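Before any comments, here is the structure.
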């Protein structure tokens, strides 16, 4: 039997570049599988020769979903490049804008993107397993609240960022704009409403998901479980932080493996290409690449909410800390290896973001006008890192003495996760493909495997989807299509 | 939430540093000053659910976007209306205009009754750069002219 190659591919790129390739062995069983991480070409070439100060604006255009994450990683890389530390008030403004963004993006995911699986249910009739089904389940009033609270969070981001899409707030050594005293009451009111909404969301998750045995079984299911390393940013007390801190890596057993500042990232993170894919798979350099495997001897690691909670010792705010403890208790220990627990971890992060937003708007320094220190050092190299909603985001630039870019390297969240996503897709595919026979549910099972990671669809900035076409093709060794699944 | 006194909105989508992907944005910029009073032209480098925030409250909307169907030669101008949308995407996780419309209807939001999309079939959308491929550059004036004629009827 000739080797077969199964491709699950969107017909057009309008809904992003998600694409699954499944390779079968001679016996018709799954040999390996991978998720094609969207890749845009020519970014480094585009950047070379441009002033480093433009990077926060340029990189925020890379992604229509996470402009703030790129903007902030770039801004922090500029601090480092010019060896200047932003004043305390400026850091708080940055963190406030960042946490508002994290809250908004996570809320969108919980209710809209992940909602069909967890709020409506994975086995629900496809006719209602969609955003409308989510709204009907939680109620119209809650649906309206989701729309409204997200919008209000975005309005505050726009206030601080200058523009919602391509923020202009971040400057080396500070921010362009702070909060006027007269506007502070509006910030405080929205912050309180955000916190109330976050508490409500945790309750919704408990009521709808955790009280349903089938959902809990699904979270705990072996199909989406991998014992790998985990990485995330932590503060000085090893608590989760989205905006700043050191990178911490824990082993599959949950022990601290490494803790390092972003400037050392190349000592810990390496990328590997496989002959059958253009994707670069990240792995832990000191551990080494030992294939798509689990355990302490495999350098495969994960990022994103589940990984962040695993990599930290707790949450820096009280209600999120209580939720964190309940999470690990319910899921029977730490680290949690079940990929689908990402959805729960995300809810805990929403609560943390909300509590931190309230802390920041009540900080006496938040209306300070001391927002910038002008850089004077000669630039050479700059490193920046943030925790994007989907995981750790690295920016690394090198410049000439005038600050013109000579080299730009970005590692986005989904690249960090690429190897583990491939493992999940492979596991899901093995469940439905045996001896060359592809059983029902291939597309759903495989899609659930990669959706749990919420992989970036960086350029999915478009409006016109038509359908979300997923096509699974089985090709023999000569490239001939022998079977095709479509929906 | 309505936008009082506004006749409509033109949403220009895409990425202006990603080659042909910036066609919608470029068209939006060329529209500035050529639309009737009461029409807002807004650049939007994002997609999905966030479009809802911008469309709500307007009676009419025109979305300008690069499209890559592969079914037409680059430079072809394509028009779609609400009737052309699939009811809902077959993936439960994807959020595009059909989903936004369904959400708006379910929640009884004040949403454009007249919603049209003007798409420009493009060639290269995966490589960073600020220039268009020749067919797209040549088609831009006609794309903009069609957008102007649509909003003049508002």
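Protein chains in written order, with my numbering: chain X, 1 to 487; chain Y, 1 to 154.
Don't be surprised by glycine CBs; every beta carbon is placed ideally from N, CA and C.
Quick caveat, the model's predicted, so the values are computed rather than measured.
Less than 9 Å separating the beta-carbons of residue i and residue j?
{"i": "residue 103/X", "j": "residue 357/X", "result": "yes"}
{"i": "residue 259/X", "j": "residue 316/X", "result": "no"}
{"i": "residue 453/X", "j": "residue 405/X", "result": "no"}
{"i": "residue 385/X", "j": "residue 86/X", "result": "no"}
{"i": "residue 89/X", "j": "residue 374/X", "result": "no"}
{"i": "residue 348/X", "j": "residue 309/X", "result": "yes"}
{"i": "residue 142/X", "j": "residue 200/X", "result": "yes"}
{"i": "residue 409/X", "j": "residue 303/X", "result": "no"}
{"i": "residue 390/X", "j": "residue 413/X", "result": "yes"}
{"i": "residue 84/X", "j": "residue 376/X", "result": "yes"}
{"i": "residue 114/Y", "j": "residue 44/Y", "result": "no"}
{"i": "residue 120/Y", "j": "residue 67/Y", "result": "yes"}
{"i": "residue 96/Y", "j": "residue 59/Y", "result": "no"}
{"i": "residue 136/X", "j": "residue 106/Y", "result": "yes"}
{"i": "residue 270/X", "j": "residue 232/X", "result": "no"}
Where does residue i fall in DSSP's three states?
{"i": "residue 125/X", "result": "coil"}
{"i": "residue 310/X", "result": "helix"}
{"i": "residue 384/X", "result": "strand"}
{"i": "residue 305/X", "result": "helix"}
{"i": "residue 73/X", "result": "helix"}
{"i": "residue 24/Y", "result": "helix"}
{"i": "residue 213/X", "result": "helix"}
{"i": "residue 20/X", "result": "strand"}
{"i": "residue 82/X", "result": "coil"}
{"i": "residue 51/X", "result": "strand"}
{"i": "residue 259/X", "result": "strand"}
{"i": "residue 331/X", "result": "coil"}
{"i": "residue 466/X", "result": "Here residue 466/X scores only 35 on pLDDT, less than 50, and its place in the model is too uncertain to base an answer on."}
{"i": "residue 4/Y", "result": "coil"}
{"i": "residue 132/X", "result": "helix"}
{"i": "residue 10/Y", "result": "strand"}
{"i": "residue 104/X", "result": "helix"}
{"i": "residue 297/X", "result": "coil"}
{"i": "residue 269/X", "result": "strand"}
Any beta carbon of chain X sitting closer than 9 Å to that of residue i?
{"i": "residue 76/Y", "result": "no"}
{"i": "residue 72/Y", "result": "no"}
{"i": "residue 123/Y", "result": "no"}
{"i": "residue 57/Y", "result": "no"}
{"i": "residue 20/Y", "result": "no"}
{"i": "residue 154/Y", "result": "no"}
{"i": "residue 143/Y", "result": "no"}
{"i": "residue 17/Y", "result": "yes"}
{"i": "residue 32/Y", "result": "no"}
{"i": "residue 140/Y", "result": "no"}
{"i": "residue 103/Y", "result": "yes"}
From the beta carbon of residue i, is the nearest beta carbon of chain Y less than 9 Å away?
{"i": "residue 112/X", "result": "yes"}
{"i": "residue 42/X", "result": "yes"}
{"i": "residue 151/X", "result": "yes"}
{"i": "residue 357/X", "result": "no"}
{"i": "residue 136/X", "result": "yes"}
{"i": "residue 20/X", "result": "no"}
{"i": "residue 491/X", "result": "This structure gives no information on residue 491/X, because the portion of chain X shown stretches from 1 to 487."}
{"i": "residue 212/X", "result": "no"}
{"i": "residue 496/X", "result": "An answer regarding residue 496/X cannot be provided, because it is not within the stretch 1 to 487 covered by chain X."}
{"i": "residue 130/X", "result": "yes"}
{"i": "residue 144/X", "result": "yes"}
{"i": "residue 389/X", "result": "no"}
Does the distance between the C-beta of residue i and the nearest non-hydrogen atom of the ligand ADP fall short of 8 Å?
{"i": "residue 136/Y", "result": "Absence of the ligand ADP is noted for the structure shown, with no ligands found whatsoever."}
Give the list of continuous beta strand (DSSP E) stretches no shorter than 3 residues that lie fully inside the region 100-148 of chain Y.
Fully enclosed beta strand (DSSP E) runs of 3 or longer: 114-121.
Inside the region 138-199 of chain X only - beta strand (DSSP E) runs reaching at least 3 residues
List check, beta strand (DSSP E) in window: nothing returned.
Completely contained alpha helix (DSSP H) runs for the region 335-410 of chain X, where each covers 4 or more residues:
Listed in chain order, they are 342-361.
Whole alpha helix (DSSP H) elements within the region 17-84 of chain Y, 4-residue minimum:
Within the region 17-84 of chain Y, the complete alpha helix (DSSP H) runs of at least 4 residues are 23-31, 50-55.
Are the region 255-269 of chain X and the region 339-348 of chain X touching by the rule of at least three beta carbon pairs closer than 8 Å?
At 8 Å Cβ cutoff, the stretches do not touch.
Quick one: complete alpha helix (DSSP H) runs, 4+ long, within the region 408-443 of chain X?
Runs of the alpha helix (DSSP H) inside the region 408-443 of chain X: 413-432.
If you pair each beta-carbon of the region 15-29 of chain Y with each one of the region 124-133 of chain Y, do three or more pairs fall below 8 Å?
With three or more CB-CB distances shorter than 8 Å, the region 15-29 of chain Y counts as touching the region 124-133 of chain Y.
Should the region 149-162 of chain X be regarded as contacting the region 319-334 of chain X, the criterion being three or more beta carbon pairs within less than 8 Å?
Using a C-beta cut-off of 8 Å, the region 149-162 of chain X makes no contact with the region 319-334 of chain X, since fewer than three inter-stretch Cβ pairs fall below that distance.
For the structure I just gave you, are there three or more beta carbon pairs, one from the region 73-81 of chain Y and one from the region 25-45 of chain Y, closer than 8 Å?
Not touching, per the Cβ criterion.
Is there contact between the region 185-197 of chain X and the region 205-219 of chain X, where contact requires at least three CB pairs shorter than 8 Å?
Too few Cβ pairs lie closer than 8 Å, so no.
Counting Cβ pairs closer than 8 Å, one from the region 286-303 of chain X and one from the region 226-233 of chain X, do we hit at least three?
Yes, since at least three Cβ pairs between the region 286-303 of chain X and the region 226-233 of chain X fall closer than 8 Å, the two stretches touch.
Would you call the region 122-130 of chain X in contact with the region 171-185 of chain X, where contact means no fewer than 3 C-beta pairs closer than 8 Å?
No, the region 122-130 of chain X does not touch the region 171-185 of chain X.
Fully enclosed by the region 219-256 of chain X, which beta strand (DSSP E) runs are 3 residues long or longer?
If we require 3 residues or more, the beta strand (DSSP E) runs fully inside the region 219-256 of chain X come out as 229-234, 246-250.
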